[in-house]
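Worksheet: the structure to be examined is printed underneath.
Number of protein chains: 2
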Amino acid sequence: MNCTIITIGDELLIGQTIDTNSAWIGQELNKMGIRILQRLAIGDDEAQIKNALSNSAKVSSLIILTGGLGPTKDDITKKTIAEYFGVGFTFYEEVWQKMITIFEKRGKDVLEMNRGQAMLPSNATMLPNKRGTAQGMWFDEGDVVYISLPGVPHEMKHLMETHVFSKLKERFVLSKIIHTTIMTAGGGESTIASLLSNFEASLPPYMKLAYLPELGVVKLRLSAYGDASEEEMLQKKNELVSTLPQYVYADTEIKLEEYLANKLKAKKHTLALAESCTGGYVAHLLTSIAGSSEFFHGGVVSYSYDMKMQILGVKQDTLTHYGAVSEECVIEMVKGILEQSKATYGIAISGIAGPGGATPDKPVGTVYIAVADKDNVEVKRFEFFPSRAENIKIFSNAALNMLRLFIDKSDKYSA
Amino acid sequence: MNCTIITIGDELLIGQTIDTNSAWIGQELNKMGIRILQRLAIGDDEAQIKNALSNSAKVSSLIILTGGLGPTKDDITKKTIAEYFGVGFTFYEEVWQKMITIFEKRGKDVLEMNRGQAMLPSNATMLPNKRGTAQGMWFDEGDVVYISLPGVPHEMKHLMETHVFSKLKERFVLSKIIHTTIMTAGGGESTIASLLSNFEASLPPYMKLAYLPELGVVKLRLSAYGDASEEEMLQKKNELVSTLPQYVYADTEIKLEEYLANKLKAKKHTLALAESCTGGYVAHLLTSIAGSSEFFHGGVVSYSYDMKMQILGVKQDTLTHYGAVSEECVIEMVKGILEQSKATYGIAISGIAGPGGATPDKPVGTVYIAVADKDNVEVKRFEFFPSRAENIKIFSNAALNMLRLFIDKSDKYSA
């Protein structure tokens, strides 16, 4: 069963508002087994709305519209829908009375232009909105269900949750979709894809694998349509995971920093950072997690030579002979932060994010990362290539991934 | 002139990825005087892509597609476009050679599946991509220009900026729009809007003011359509700036951290940070600027009591009596970081980003910020209200804005 989501509003087209409504609707309907065929954003324009409705009705059994239900002149969705169906309006006295009450409570006079909000196209089933003055509407016409909802996100969600989901389950026989997500780090999209080429070829036609690459992390989504059983899905998932032993860090959707946070908290271990080129971004990733003070002691962003020497105890000699972007320097940095913070683990990062700072043997994208606990230090050199902003993110994920592998290794030895 | 933006990818439909690409494209094209008629998100599906192309071509002179150009099996955009135009493929030897070089540098073998990325539909004009292996494509067919770009945001932006904008200006006669941007910090959208209500009412019908609020910063865009002269625009802009003397930090589009970076660099002044609740985010903002080592010494993310005492010299007594979220604590933090770093200016931030950590007199959203140089310290308490992620950003901008006003004041005294 196919669905089209139509969002209406000029502000969406010129990028003033980022459309999060249709992402949420897509996610929720998809979980119910409704396939989102397309999402369309159009302006507050009569011809465009009618055109979108008739085109979408040809390919969809369900059309969900959001936006354009406010009381002002540029909100034309309801009027246009009535014209599209060739129907008049019904006045809902109870809606009007409630609106008067709401306005009285806020100490405001209800305006004549709000009266229009108590009128619905005569073929509409009203979906009462307890969060605002724009009612939701359900139209069952021919083989197609049309649903019109306000664009304010919390009102839209409220109507979906209290009315739409249950009515859809009654109205349609929904096909089954199962999704499972596998998170990988340390390999690019093409590396992962080439390792998985046999696996992909082995998938039955009703199963599909999607690659969702971020900087340093590739999210894999395995989807099964229709006949696949939970067992078959689980089997395929296990097959996938065992094909990528060093890359998979979780078999559920979770960020790398959250995975590490859980791991550290479970063992009551702690972490501190010495960041140079990532400039506080790794600290930001970790402290974006609520409750991060449980495992995160803090860090030093040692951008200058002075800060490296003064706070982390990096030797003048090391900086002179090897430079700040060197194996020697990150080892001293990680030892320094472990000593200052008394954390279980330390990470130190020094590299060249660009665009300046490159040398012939250390091009932009070069980074040294050290991870350590009180007994061991491990250092790696990586070379990435994109621009400054991307380097900062990809370096940060590389550092977190090194810590993941370091912890796994020490767990293995201690097991 | 009408444009349709088509984003391709199953992950957009099921809401796993929020589409920020088309918002950015919409914003940029709108500035150039191109009207965005509609935005369409569809799956990696041949029939849908073809359908979207032919429907959009009926109503648009420009169609921009993003996504589906990767090397994997689910990336079918290029193949589908070739079929849509009924053309074959041309192999670009130079693209292939470059790809081999890139992979070699990374110590990896180029894969056979990457070879497909060196083939473009034979009617395409290649838009070379320096940031990745998927090339952009420009098709001028009939009255319609079709542009296909990779979905990775930084690659898409790079191609738009280096190729597409200039080619569009050559190819189309664009209607005249002038924009000017004014940056404000320290006031919310409604504060700014109420101060500007008379100004807004005085605007001629062909001028429009848009509010683009971010967390702690409100960007104002004044646009003039058609007949407005540069002089009139300048006059209105000056009027606007003089209405908001304490809020405007720049009359050109520049981030608050970049404005400060320029200011510090011009005077060869330096800055260091002591961050608690912002967890490295202010450091990240500053180090996202290329060349930030010129003015940024670094910082300490002192998340634990120990780090505050050990590195910044905050007294045990202060933490016991006043707590980490207090005027007393941020003053000691800022003095500590100034001493450790020898920077001209220091900023210290300690607050409650949430969701945990609140006390009756210090609710979530409370933050103390201190800015200082060797002679003076200034402290402020703010209370914001949104969630953790928003608090981290709004605290950070508040801190940068305090430094801006602090520097302005000392400039005034020394002048």
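The listed protein sequences correspond, in order, to chains V and R. This note's numbering puts the last residue of the first sequence at 415; the count rises by one with no breaks. This note's numbering puts the last residue of the second sequence at 1415; the count rises by one with no breaks. Each residue gets a CB set at the ideal place from its N, CA and C atoms; glycine is no exception.
Original post:
So is V1364 of chain R buried or exposed if we call it buried at 16+ other beta carbons inside 10 Å?
Top reply: In the second sequence, the residue the question calls residue 1364 of chain R occupies position 364. With a threshold of 16 other beta carbon atoms within 10 Å, V1364 of chain R meets it and is buried.
**OP:** Quick one: measure Cβ to Cβ for Y211 of chain V and H269 of chain V, integer angstroms, because I've assumed they're closer than 8 angstroms.
**Re:** Along the first sequence, read from residue 1 onward, the residue named residue 211 of chain V stands at position 211. Along the first sequence, read from residue 1 onward, the residue named residue 269 of chain V stands at position 269. Not confirmed; about 32 angstroms, so no contact.
Original post:
If I347 of chain V sits next to I311 of chain V, beta carbons under 8 angstroms apart, how far is it from one beta carbon to the other, in whole angstroms?
Top reply: On the first sequence, position 347 is the one that residue 347 of chain V refers to. On the first sequence, position 311 is the one that residue 311 of chain V refers to. In fact, because the Cβ distance is near 16 angstroms, the residues do not count as touching under 8 angstroms.
Subject >> contact_flag[the segment 1300 to 1307 of chain R, the segment 1269 to 1284 of chain R] where n(CB pairs < 8 angstroms) is 3 or more >> reply: Contact holds: three or more Cβ-Cβ distances are below 8 angstroms.
Original post:
Name the chain V residues whose beta carbon is nearer than 9 angstroms to that of Y1281 of chain R?
Top reply: As a working mapping, residue 1281 of chain R is identified with position 281 in the second sequence. Those within 9 angstroms of Y1281 of chain R in chain V are G280, Y281, A283, H284, T287 and S288.
**OP:** Confirm, please, whether the CB-CB distance from P1213 of chain R to E1189 of chain R is below 8 angstroms.
**Re:** Here residue 1189 of chain R is taken as the residue at index 189 of the second sequence, counted from 1. Here residue 1213 of chain R is taken as the residue at index 213 of the second sequence, counted from 1. Yes, the Cβ-Cβ distance between E1189 of chain R and P1213 of chain R is below 8 angstroms.
Subject >> Cβ-based burial, A1266 of chain R [other Cβ within 10 Å; buried from 16] >> reply: The residue labelled residue 1266 of chain R in the question sits at position 266 within the second sequence. Burial call: exposed.
Subject >> Between the CA atoms of G1086 of chain R and G1116 of chain R - distance to the nearest angstrom >> reply: One-based indexing of the second sequence puts residue 1116 of chain R at position 116. One-based indexing of the second sequence puts residue 1086 of chain R at position 86. Here the alpha carbon of G1116 of chain R sits roughly 18 angstroms from the alpha carbon of G1086 of chain R.
**OP:** Please go through the segment 1126 to 1176 of chain R and give each complete beta strand (DSSP E) segment of 3 or more residues, from N-terminal end onward.
**Re:** Fully enclosed beta strand (DSSP E) runs of no fewer than 3 residues occupy 1136 to 1141 and 1144 to 1149 of the segment 1126 to 1176 of chain R, in order along the chain.
Original post:
Taking only beta-carbon atoms, is L338 of chain V less than 8 angstroms away from chain R?
Top reply: Here residue 338 of chain V refers to the residue found at position 338 of the first sequence. Chain R contact via Cβ: absent.
**OP:** Using the Cα positions of I1289 of chain R and Y1281 of chain R, report the straight-line distance between them to the nearest angstrom.
**Re:** Reading the second sequence from its first residue, position 289 is the one you call residue 1289 of chain R. Reading the second sequence from its first residue, position 281 is the one you call residue 1281 of chain R. In a straight line, the C-alpha of I1289 of chain R is about 13 angstroms away from that of Y1281 of chain R.
Subject >> Residue-level contact to chain V via CB, V1301 of chain R, 8 angstroms cutoff >> reply: Sequence index remark: in the second sequence, residue 1301 of chain R carries index 301 (1-based). For V1301 of chain R, the answer is yes, since a Cβ of chain V falls inside 8 angstroms of its Cβ.
Subject >> Length at least 3, wholly inside the segment 1046 to 1073 of chain R: the beta strand (DSSP E) runs in chain order >> reply: With a minimum length of 3 residues, the continuous beta strand (DSSP E) runs that stay inside the segment 1046 to 1073 of chain R are 1062 to 1066.
Original post:
The beta strand (DSSP E) spanning T17 of chain V covers which residue range?
Top reply: The count along the first sequence starts at 1 and reaches residue 17 of chain V at position 17. Per DSSP, T17 of chain V belongs to no beta strand (DSSP E) and is neither H nor E.
Original post:
Residues of chain R with a CB under 8 angstroms from the CB of G313 of chain V: which are they?
Top reply: Position 313 of the first sequence, counting from 1, holds the residue named residue 313 of chain V. Residues of chain R passing the Cβ test: none, with the nearest at roughly 12 angstroms.
Original post:
What first and last residue would you give for the alpha helix (DSSP H) that runs through F1199 of chain R?
Top reply: Within the second sequence, residue 1199 of chain R is the residue found at index 199, counting from 1. Here the alpha helix (DSSP H) through F1199 of chain R covers S1197 to A1201.
Subject >> Reference I171 of chain V; option with closest CA among V:P153, V:G187 and V:V145 >> reply: Position 171 of the first sequence, counted from the first residue, corresponds to residue 171 of chain V. Per the sequence shown, residue 171 of chain V should be read as Arg rather than Ile. Sorting V:P153, V:G187 and V:V145 by C-alpha distance to the C-alpha of R171 of chain V places V:V145 at the top.
**OP:** With DSSP collapsed to three states, give me the class of Q1038 of chain R.
**Re:** Position 38 of the second sequence, counted from the start, is the residue given in the question as residue 1038 of chain R. If DSSP states are grouped into helix, strand and coil, Q1038 of chain R belongs with the strands.
**OP:** Along the alpha helix (DSSP H) that carries L1260 of chain R, what are the first and last residues, could you check?
**Re:** For this step, residue 1260 of chain R is matched to residue 260 along the second sequence. First-last of the alpha helix (DSSP H) with L1260 of chain R: L1256 to A1266.
**OP:** Answer with buried or exposed for Q1038 of chain R, where buried requires no fewer than 16 other C-beta atoms within 10 angstroms of its C-beta.
**Re:** Residue mapping note: residue 1038 of chain R aligns to position 38 of the second sequence, counting from 1. Classification of Q1038 of chain R: buried, given that the 10 Å Cβ count is 16 or more.
**OP:** Find the residues of chain R that neighbour E200 of chain V, judging by a C-beta separation of less than 9 angstroms, and give them in chain order.
**Re:** If you number the first sequence from 1, residue 200 of chain V lands on position 200. Neighbours of E200 of chain V on chain R, chain order: T1072 and K1073.
Subject >> Among V:R388, V:K362, V:M233 and V:G187, nearest to I177 of chain V - alpha-carbon criterion >> reply: The count along the first sequence starts at 1 and reaches residue 177 of chain V at position 177. Closest by alpha carbon: V:M233.
**OP:** Return the CA-CA distance between E1112 of chain R and L12 of chain V, expressed in angstroms with no decimal places.
**Re:** The residue you call residue 1112 of chain R lines up with position 112 of the second sequence. The residue you call residue 12 of chain V lines up with position 12 of the first sequence. Their Cα atoms are separated by approximately 40 angstroms.
**OP:** Tell me whether G1088 of chain R is buried or exposed, calling it buried when 16 or more other Cβ atoms sit within 10 Å of its Cβ.
**Re:** What you label residue 1088 of chain R is simply residue 88 of the second sequence in a count that begins at 1. So G1088 of chain R ends up on the exposed side.
Original post:
Does any CB atom of chain R fall closer than 8 angstroms to the CB of G356 of chain V?
Top reply: In the first sequence, the residue the question calls residue 356 of chain V occupies position 356. At a cut-off of 8 angstroms between beta-carbon atoms, G356 of chain V makes contact with chain R.
Subject >> For R388 of chain V: DSSP bridge partner residues >> reply: What you label residue 388 of chain V is simply residue 388 of the first sequence in a count that begins at 1. As far as DSSP is concerned, R388 of chain V takes part in no beta bridge.
Original post:
Hey, which unbroken runs of the alpha helix (DSSP H) at 4 residues or more fall wholly within the segment 1193 to 1255 of chain R?
Top reply: Entirely contained in the segment 1193 to 1255 of chain R, the alpha helix (DSSP H) runs reaching 4 residues are, in chain order, 1197 to 1201 and 1230 to 1243.
Subject >> For N123 of chain V, the three-state DSSP class (helix, strand or coil) >> reply: If you number the first sequence from 1, residue 123 of chain V lands on position 123. Here N123 of chain V sits in coil by DSSP.
Subject >> Alpha-carbon spacing of P386 of chain V relative to E1104 of chain R, whole angstroms >> reply: Locating residue 386 of chain V in the first sequence gives position 386, counting from the first residue. Locating residue 1104 of chain R in the second sequence gives position 104, counting from the first residue. Taking the straight line from one Cα to the other gives about 16 angstroms.
Original post:
Can you tell me whether DSSP reads N1376 of chain R as helix, strand or coil?
Top reply: Along the second sequence, read from residue 1 onward, the residue named residue 1376 of chain R stands at position 376. Coil at N1376 of chain R, not helix or strand.
Original post:
How about L195 of chain V and L209 of chain V: are their beta carbons less than 8 angstroms apart?
Top reply: Within the first sequence, numbered from 1, the residue matching residue 195 of chain V stands at position 195. Within the first sequence, numbered from 1, the residue matching residue 209 of chain V stands at position 209. Not in contact: L195 of chain V and L209 of chain V (Cβ atoms no closer than 8 angstroms).
Subject >> Beta carbon of K50 of chain V nearer than 8 angstroms to that of Y84 of chain V >> reply: The residue you call residue 50 of chain V lines up with position 50 of the first sequence. The residue you call residue 84 of chain V lines up with position 84 of the first sequence. Taking 8 angstroms as the Cβ cut-off, K50 of chain V and Y84 of chain V qualify as a contacting pair.
Original post:
Is G68 of chain V closer than 8 angstroms to I76 of chain V when the C-beta atoms are compared?
Top reply: Taking the first sequence and counting its residues from 1, one reaches residue 76 of chain V at position 76. Taking the first sequence and counting its residues from 1, one reaches residue 68 of chain V at position 68. With contacts defined by Cβ atoms closer than 8 angstroms, I76 of chain V and G68 of chain V form a contacting pair.
Original post:
Between which two residues does the alpha helix (DSSP H) carrying H1321 of chain R extend?
Top reply: Here residue 1321 of chain R corresponds to residue number 321 of the second sequence, with the count starting at 1. First-last of the alpha helix (DSSP H) with H1321 of chain R: Q1316 to Y1322.
Subject >> Span of the alpha helix (DSSP H) around E1275 of chain R >> reply: For this step, residue 1275 of chain R is matched to residue 275 along the second sequence. For E1275 of chain R, no alpha helix (DSSP H) segment is defined; the enclosing uninterrupted segment is the beta strand (DSSP E) at L1271 to E1275.
Original post:
Measuring CA to CA, which of V:K79, V:V152, V:E94 and V:F296 is closest to S122 of chain V?
Top reply: Here residue 122 of chain V is taken as the residue at index 122 of the first sequence, counted from 1. The residue with the shortest Cα to Cα distance from S122 of chain V is V:K79.
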